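Visitor: Respectively, the protein sequence lines represent chains A and B.
Here the first sequence is numbered in the working numbering, starting from 996 and rising by one per residue.
Here the second sequence is numbered in the working numbering, starting from 996 and rising by one per residue.
Once you've had a glance at the structure underneath, I'll fire off some questions.
2 protein chains.
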Amino acid sequence: MSGLATLERPVDAPVNIGRLRGFVTAFADLLAATRDEQAILESGRSLLARLIAADDWLPAEFARPNPDRYQQYLLHCDSRERFSIVSFVWGPGQATPIHDHSVWGLVGVLRGVEKVERFRRLPTGGLVAAGEEWLREGEVDAVSPRVGDIHRVTNGLADRPSISIHVYGANIGAVERATYATDGTPKSFISGYANGVIPNLWDRSKSA
Amino acid sequence: MSGLATLERPVDAPVNIGRLRGFVTAFADLLAATRDEQAILESGRSLLARLIAADDWLPAEFARPNPDRYQQYLLHCDSRERFSIVSFVWGPGQATPIHDHSVWGLVGVLRGVEKVERFRRLPTGGLVAAGEEWLREGEVDAVSPRVGDIHRVTNGLADRPSISIHVYGANIGAVERATYATDGTPKSFISGYANGVIPNLWDRSKSA
Ligand SMILES: [Fe+3]
Ligand SMILES: [Fe+3]
Ligand SMILES: [Mg+2]
């Protein structure tokens, strides 16, 4: 199973990492231009859609599923932790717990299909279902305390990994947030990251 | 030879990567507060001196000498390429060519000793020696077109690697700059980096 994500492309194929570098700088420019969440989500959605329209830039080691649990690979974190970019890799049958984010986030599917179940929290603390959506390759979803922050994400493919690229308005692996039991009972968590090294996006001497 | 840099500390010793993370955010805060080069070099010198005062944070894979040439390992690049942080590793007998930078830079010795030879370019294009200095552990030097931008750096130890940590006011591996023959003849170069992955500084869930 753990080799499936790379079967479509040889492991050592040169990757077009310049796409991710361009996305990082464009997103940083966007955040320098506005602090308005709605503007960030709208323009950021276009940037992310453009990034995931091509699937030739994610190095294989950050696309690798783990048979035990879904993986969160940090790809870039801003110097002042104003934003972070993460690849999420779900093996067959894998899902997140129900969780929140506490900051704005964008989720774009790079490979495969993801089922997103949204929830709303009642004033009493209970959770109610608030819709379900299947995100396909190239599609982008948004989360935030303002637009709806609680969801569960499941790999929509039974036989292959799915991969999505996420952008958040903080160093998401360090944010204290919550998972929820189905009755709404919250539990504090900090996700961290699966990777001890991240890709070097910055070597222009090797890209044309 | 290539194992010597790590002899002082087992390869798998936990590293205090939080020091480097703190340096990155402090430097980004400094650049957000001022664009004045003199202020950046003065305050940046203090930040760098504090970083290199401890030698418990650089992961072994970014401290490794290469028998063929000195190594430039990118440790962090800012989202908008306003600054970059690099570890330079010289094996015994290794030296840079005479070169310039075209942006401000700070050089702090983390391990060992480095010989710095400074040069000035005459209006005729020739080079003249402009002083020599031995930088020891904990010492910091500055370069820029304003304060003096042309030098050659040599490992000052005949039997061990030396390592310095550099900060530059750009993505230095992508900057088009020059090396010089001893008669001053310039040759354009872009240094790139030796590493395809950089350390993940951002997983606070694993540090206390
Ligand atoms: Fe989520
Ligand atoms: Fe230099
Ligand atoms: Mg020492």
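Where is the CB? At the ideal position from N, CA and C, for every residue including glycine.
These numbers come from a predicted model, not from an experiment.
#1: Cβ closer than 7 Å: which chain A residues qualify as neighbours of B/D1073?
#2: Cβ of A/T1091 within 7 Å of any heavy atom in ligand 1?
#3: Would you decide whether B/C1072 is buried or exposed? Buried here means 16 or more other CB atoms lie within 10 Å of its CB.
#4: Around the C-beta of B/A1189, are 16 or more other C-beta atoms found within 10 angstroms, so that it is buried, or is it exposed?
#5: If we cut at 8 Å on Cβ distances, does B/V1098 have a partner in chain C?
#6: In this structure, does DSSP put B/Q1089 in helix, strand or coil?
#7: Is any non-hydrogen atom of ligand 2 found closer than 7 Å to the C-beta of A/H1161, if you look at the structure I gave you?
#8: Give the DSSP-derived three-state secondary structure of B/G1126 in the structure shown.
#9: What does the Cβ neighbour count give for B/R1155, buried or exposed, with the cut at 16 atoms within 10 Å?
#10: Would you kindly report the start and end of the unbroken beta strand (DSSP E) that includes A/G1017?
#11: Using a Cβ cut-off of 8 Å, pull out every chain B residue sitting near A/A1169, in sequence order please.
#12: Let's test the definition: count the other Cβ atoms within 10 Å of the Cβ of A/A1165 and tell me whether it reaches 16, buried, or not, exposed.
#13: According to DSSP, what are the bridge partners of B/L1069?
#14: I'd like to check one pair, A/V1192 with B/V1192: are the Cβ atoms closer than 8 Å?
#15: Please determine whether the Cβ atom of A/V1104 lies at a distance below 7 Å from any heavy atom of ligand 1.
#16: For B/S1038, which three-state DSSP category applies?
#17: Spatial neighbours of B/P1087 within its chain, please: C-beta separation below 8 Å, excluding the five flanking residues on both sides.
#18: Take B/S1179 as the anchor and find which of B/R1064, B/S1186 and B/G1120 has the nearest alpha-carbon.
#19: Would the beta-carbon of B/I1145 fall within 8 Å of that of B/R1113?
#20: I'd like the list of long-range same chain contacts for A/N1011, defined as Cβ closer than 6 Å, with 5 residues on each side in sequence excluded.
#21: Evaluate contact between the stretch 1091 to 1104 of chain A and the stretch 1129 to 1148 of chain A, counting only Cβ atoms and requiring at least three cross-stretch pairs below 8 Å.
#22: Using three-state DSSP, classify B/I1167 as helix, strand or coil.
#23: Give, in chain order, every residue of the stretch 1097 to 1127 of chain B whose Cβ lies closer than 8 Å to some Cβ of chain A.
#24: Is it a yes or a no for the stretch 1017 to 1026 of chain A touching the stretch 1034 to 1044 of chain A, going by three-plus beta-carbon pairs under 8 Å?
#25: Any idea which residues DSSP pairs A/Y1175 with across the strands?
#26: Between the C-alpha atoms of A/P1181 and A/L1196, what's the straight-line distance to the nearest angstrom?
#27: Give a yes or no on whether 8 Å exceeds the smallest Cβ distance from B/E1023 to chain A.
#28: Could you name the residues of chain A that B/I1185 contacts, counting a contact when the two beta carbons are closer than 8 Å?
#29: Hey, how far is the Cα of B/A1090 from the Cα of A/S1200?
#30: Looking at ligand 2, does it come within less than 7 Å of B/V1135, judged from the CB to the closest heavy atom?
#31: Going by Cα to Cα distance, which pick from A/E1032, A/P1118 and A/L1069 is closest to A/S1186?
#32: Are there 16 or more other CB atoms within 10 angstroms of the CB of B/L1117, so buried, or fewer, so exposed?
#33: Counting only beta-carbon separations shorter than 8 Å, does A/P1194 have a partner in chain B?
#34: Spatial neighbours of A/G1126 within its chain, please: C-beta separation below 7 Å, excluding the five flanking residues on both sides.
#35: From the DSSP output, in three-state form, read off A/R1059 for me.
Guide: Let's see:
#1: Translated into positions along the second sequence, residue 1073 of chain B becomes position 78. Per Cβ cutoff of 7 Å: S1074.
#2: Within the first sequence, residue 1091 of chain A is the residue found at index 96, counting from 1. Yes, since a heavy atom of ligand 1 falls inside the 7 Å radius drawn around the Cβ of A/T1091.
#3: On the second sequence, position 77 is the one that residue 1072 of chain B refers to. With 16 or more other Cβ atoms within 10 Å, it is buried.
#4: As a first step, residue 1189 of chain B is located in the second sequence; it is residue number 194 there, counting from the start. Classification for B/A1189: buried.
#5: Structure shown: chain C not included; protein chains present are A and B.
#6: Counting from one through the second sequence, the residue named residue 1089 of chain B turns up at place 94. Here B/Q1089 carries a coil assignment [DSSP, helix/strand/coil].
#7: Numbered from 1 along the first sequence, position 166 holds the residue referred to as residue 1161 of chain A. The answer is no for A/H1161.
#8: Here residue 1126 of chain B is taken as the residue at index 131 of the second sequence, counted from 1. Strand, per DSSP.
#9: Here residue 1155 of chain B refers to the residue found at position 160 of the second sequence. By the neighbour-count rule (16 or more Cβ atoms within 10 Å), B/R1155 is buried.
#10: Numbered from its first residue, the first sequence carries residue 1017 of chain A at position 22. That residue, A/G1017, is in no beta strand (DSSP E); its alpha helix (DSSP H) goes G1013 to A1028.
#11: Taking the first residue of the first sequence as position 1, residue 1169 of chain A is located at position 174. Per Cβ cutoff of 8 Å: W1197, D1198, R1199 and S1200.
#12: The count along the first sequence starts at 1 and reaches residue 1165 of chain A at position 170. A/A1165 comes out buried.
#13: Position 74 of the second sequence holds residue 1069 of chain B. Answer by DSSP bridge pairing, in chain order: B/V1081.
#14: Numbered from 1 along the second sequence, position 197 holds the residue referred to as residue 1192 of chain B. Numbered from 1 along the first sequence, position 197 holds the residue referred to as residue 1192 of chain A. Taking 8 Å as the Cβ cut-off, B/V1192 and A/V1192 qualify as a contacting pair.
#15: In the first sequence, residue 1104 of chain A corresponds to position 109, counting from 1. The beta carbon of A/V1104 sits no closer than 7 Å to any heavy atom of ligand 1.
#16: The residue given as residue 1038 of chain B occupies position 43 in the second sequence. B/S1038: helix per DSSP, three-state reduction.
#17: For the purposes of this step, residue 1087 of chain B is taken as residue 92 along the second sequence, with counting starting at 1. Here B/P1087 has M996, N1150, L1152, A1153, D1154, R1155 and P1156 as same chain residues with Cβ atoms under 8 Å from its own Cβ, once five neighbours each way along the sequence are excluded.
#18: Stepping through the second sequence from its first residue, residue 1179 of chain B is reached at position 184. Correcting the residue type first, residue 1179 of chain B is Gly in the shown sequence and not Ser. Of the listed residues, the one whose Cα sits closest to B/G1179 is B/G1120.
#19: Taking the second sequence and counting its residues from 1, the one referred to as residue 1145 of chain B is at position 150. Taking the second sequence and counting its residues from 1, the one referred to as residue 1113 of chain B is at position 118. Going by C-beta atoms, B/I1145 is nearer than 8 Å to B/R1113.
#20: Counting from one through the first sequence, the residue named residue 1011 of chain A turns up at place 16. Cβ within range, chain order: D1051 and W1052.
#21: Verdict: yes, contact present.
#22: Position 172 of the second sequence, counted from the start, is the residue given in the question as residue 1167 of chain B. It is helical.
#23: none
#24: yes
#25: If you number the first sequence from 1, residue 1175 of chain A lands on position 180. The partner list for A/Y1175 (beta bridge, DSSP) reads A/I1093 and A/P1181.
#26: Residue numbering aside, residue 1181 of chain A sits at position 186 when the first sequence is read from its first letter. Residue numbering aside, residue 1196 of chain A sits at position 201 when the first sequence is read from its first letter. So the two alpha carbons sit approximately 37 Å from each other.
#27: Counting from one through the second sequence, the residue named residue 1023 of chain B turns up at place 28. First, the residue type needs correcting, since residue 1023 of chain B is Ala and not Glu in the sequence shown. Closer than 8 Å: yes.
#28: By one-based count along the second sequence, residue 1185 of chain B stands at place 190. Going along chain A in sequence order, the residues near B/I1185 (Cβ under 8 Å) are R1199 and S1200.
#29: Reading the second sequence from its first residue, position 95 is the one you call residue 1090 of chain B. Reading the first sequence from its first residue, position 205 is the one you call residue 1200 of chain A. Whole-angstrom Cα-Cα distance: 21 Å.
#30: Residue 1135 of chain B sits at position 140 when you count from the first residue of the second sequence. Remark: the C-beta of B/V1135 is outside contact range of ligand 2, defined as less than 7 Å to any heavy atom.
#31: Stepping through the first sequence from its first residue, residue 1186 of chain A is reached at position 191. A/S1186 has its Cα closest to that of A/L1069, out of A/E1032, A/P1118 and A/L1069.
#32: Within the second sequence, numbered from 1, the residue matching residue 1117 of chain B stands at position 122. B/L1117 should be labelled exposed.
#33: The residue given as residue 1194 of chain A occupies position 199 in the first sequence. It does: the Cβ of A/P1194 has a partner Cβ on chain B nearer than 8 Å.
#34: One-based indexing of the first sequence puts residue 1126 of chain A at position 131. Only R1113 meet the Cβ criterion.
#35: What you label residue 1059 of chain A is simply residue 64 of the first sequence in a count that begins at 1. Here A/R1059 sits in coil by DSSP.
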